[in-house]
Amino acid sequence: MASVVGSIFLPAVIAGLVSHAVYKRYEPSVNAFLRNTIFLAAAFMAWAFYTQREIKIVSILGRTALFSVLQLLILCLSISVYRLFLHPLKRFPGPWLAKLTKLEGLYRASDGLFHDHMYGDIVRIGPNELSFRNASAIKRLHGKMNKGPYFETKVYQEGQGTSLNSLVDYDIHKTRRKTWDQAFSQKSLKSFGPLFNGLLDKLCDAIVGFEGLEINFADWCDYYAFDVMGGLAFNKDFGLLTGGAFLPLPSWCSIMTPVVFEEGPRNYSSFIRSGIKMFYLVANIPWISPLVFLFPIPEELRRNTAKFTELGSKQYEERRAQGTEPNDIFSFLIAAKEAYGSTTTEEDLRADSPILFIAGSDTTSTSMAFLFYFLARDKRVYEKLQREVDAAWDGKSPLDAGMIGAETCPYLHGAIQETLRIVPPAPNGMQRAAPKNGLAIDGVYIPGGTLISVHAYSAQHDPRHFTNPLQFAPERWNDLERNPKWAHVPVAFIPFGLGSFVCIGRGLAMQELRLIAVRLIRMFDFALAPGFDHDKFWRDLRSWQAIFKPELPMIFKRRQAG
201 MASVVGSIFL PAVIAGLVSH AVYKRYEPSV NAFLRNTIFL AAAFMAWAFY TQREIKIVSI
261 LGRTALFSVL QLLILCLSIS VYRLFLHPLK RFPGPWLAKL TKLEGLYRAS DGLFHDHMYG
321 DIVRIGPNEL SFRNASAIKR LHGKMNKGPY FETKVYQEGQ GTSLNSLVDY DIHKTRRKTW
381 DQAFSQKSLK SFGPLFNGLL DKLCDAIVGF EGLEINFADW CDYYAFDVMG GLAFNKDFGL
441 LTGGAFLPLP SWCSIMTPVV FEEGPRNYSS FIRSGIKMFY LVANIPWISP LVFLFPIPEE
501 LRRNTAKFTE LGSKQYEERR AQGTEPNDIF SFLIAAKEAY GSTTTEEDLR ADSPILFIAG
561 SDTTSTSMAF LFYFLARDKR VYEKLQREVD AAWDGKSPLD AGMIGAETCP YLHGAIQETL
621 RIVPPAPNGM QRAAPKNGLA IDGVYIPGGT LISVHAYSAQ HDPRHFTNPL QFAPERWNDL
681 ERNPKWAHVP VAFIPFGLGS FVCIGRGLAM QELRLIAVRL IRMFDFALAP GFDHDKFWRD
741 LRSWQAIFKP ELPMIFKRRQ AG
């Protein structure tokens, strides 16, 4: 027995402890881990053959299998002891299972529910990851730091390219981001005013067709935002507002090509959300990407994610064939690639296509739906905003986003800000990696290499930052109207992130929100459908990287003249 212990257990203990020491310094990929495990087993087998030649080969194989099992058990035990009792982050509170493994985060993310900071301002949400909610940490954590491995996950991209969103290096991202900033600049977006208004005409016409009837307004927000992004990024009319039919196009979009999808264009918003959900689940543990096929993921989620991947690739190919001639966002990206081909590849452009759909449509449509929900729920706010809109625009002259900015329509601005505060488009935080030498936040030292993020939902719902955080109060964003006793910490307002990695589509989102609000408020009276269940509405809300809105049954009627 002693010889068996000496010949199997002792080598397994040594191999397990040495493996942990190496993995702490050089975290392996799945493939590297498997290679190392096989190498150790082969080395043990060779050693056993050499030192125990009298033992049968079957016995050697059995001992090798036992060695591998013991080695992995010792490795897991060593990792567990280290993470619970010796890790530099051991002093931070959090779920005990999260201190051991990110599988806890995957399990927590799978239900899509909102998990607040019940453990305090700094919570350990992974073996080497912290989540913050205190305002004093926000600017520091969104400074000049690289992104974490969360963003390197690839689940809805074809090819080997790297999208802008997947670039984790601060300097490389900053260089490539310049082209995107030009594409999404206010000057660029202003040139697309006719596109916005033309699609708003279609939206209003569609709503008139359902006048007095109950509609799921959340769907119509999807249709509008998706069609906007189609024209803005891909020079294409996807036709969601008209059901995908080939219709004569007005002169302002004569260069665009209408399209009909075999499965119906209105399915594509659900495909985008499937891709977002799949990304969020896998990104919690990036190393499982090669093994994702082994996990019990619903077939519909897999299938729809694949269709989103196909959609992004198809639109890239069609748009790429048109070159830089059409004036849209993609023309900026193509021009930059042709000018700086050494830093941006064709595969990078392909990888950017799905990101354009997400940045320009899904999160925006969610904010649209919630803005109208809050207005319909609060008659006082609705009527006050209606008076402001009526004074700002006569409903007949051409509508320009510059006419309804924060100075002209401060209450509208406040209503949009409140919507984004209560229901932030990106509620779960944007992962960063602490610099090599670490950093100090409020006197607390964070070791280098620690993954860190600010939980936007918790920060924006913290009563220390915003009094009565669940109350929809546009007045809180106006210094002259805000209750002087109310806490108001604007730095804690980060619906689109902050710093160099801030959401590229934030300007587009704000412009779309202003335009759709003014157009529909000026033209319609609207209300939630009779019997609307507010409790169910909030219970059905889910968060998988982005907010997944529930159905929003509403009734619209044209306003009477005067």
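Take 201 as the starting number for the sequence shown in our numbering and just add one per residue.
Every residue gets a Cβ at the ideal spot worked out from N, C-alpha and C, and that includes glycine.
- Segment contact: the stretch 558 to 571 against the stretch 584 to 599, fewer than three CB-CB distances shorter than 8 Å; contact not assigned.
- By the Cβ-count criterion, K378 is exposed, with fewer than 16 other Cβ atoms from all chains shown falling within 10 Å of its own Cβ.
- No Cβ-Cβ contact shorter than 8 Å links L556 with R520.
- In the structure shown, the three-state DSSP call for I694 is coil.
- Three or more beta-carbon pairs separated by less than 8 Å are not found between the stretch 669 to 687 and the stretch 321 to 339, which leaves the two stretches without contact.
- Boundaries of the alpha helix (DSSP H) harbouring Y611: 610 to 622, taken from the DSSP string.
- DSSP places L651 within a strand segment (E or B) once states are collapsed to three.
- Annotated as distal: T545 and Y356, with beta-carbon spacing of 8 Å or more.
- The three-state secondary structure of L599, taken from DSSP, is coil.
- When Cβ pairs closer than 8 Å are counted between the two stretches, the stretch 735 to 754 is seen to touch the stretch 408 to 428, the count reaching three or more.
- For G731, no alpha helix (DSSP H) run applies, since DSSP gives it neither H nor E.
- Here the C-alpha atom of A212 lies approximately 30 Å from the C-alpha atom of N484.
- If you look at P554, you'll find it in the alpha helix (DSSP H) that goes 546 to 557.
- Linking G393 to R225 through their CA atoms gives a straight-line distance of about 53 Å.
- The Cβ atoms of Y423 and L441 lie closer than 8 Å to each other.
- Assigned with DSSP and collapsed to three states, G638 falls in coil, not helix or strand.
- When DSSP states are grouped into helix, strand and coil, Y645 belongs to the strand group.
- A direct Cα-Cα distance of roughly 13 Å separates R739 from I747.
- In the DSSP annotation of this structure, V718 is not part of any beta strand (DSSP E); the continuous alpha helix (DSSP H) holding it starts and ends at 706 to 723.
- A residue is called buried once 16 or more other Cβ atoms fall within 10 Å of its Cβ, and A221, having fewer, is exposed.
- The three-state reading of DSSP puts P394 in helix, counting H, G and I together.
- Three or more pairs of CB atoms, one per stretch, sit closer than 8 Å, so the stretch 697 to 704 contacts the stretch 622 to 630.
- When DSSP states are grouped into helix, strand and coil, V323 belongs to the strand group.
- For the set L720, S388, V368, the Cα lying nearest the Cα of A634 is the one of V368.
- The C-alpha of T264 lies about 20 Å from the C-alpha of A232.
- A551 is positioned such that its CB atom lies no closer than 8 Å to that of S336.
- In this structure, DSSP gives P288 a state outside helix and strand, which the three-state scheme calls coil.
- Within the model, the alpha-carbon separation for R714 versus P674 is close to 14 Å.
- The shortest C-alpha to C-alpha distance from S207 to any of M710, Q760, G262, E411 is the one to G262.
- The beta carbons of I488 and V482 sit closer together than 8 Å.
- For the pair of segments examined, the stretch 587 to 595 was found to touch the stretch 706 to 722: the number of CB pairs separated by less than 8 Å reaches three.
- Three or more beta-carbon pairs drawn from the stretch 648 to 663 and the stretch 686 to 694 are found closer than 8 Å, and the two stretches are therefore classed as touching.
- Taking C-beta separations shorter than 6 Å and ignoring five residues to either side along the sequence, the partners of K507 in its chain run F471, following chain order.
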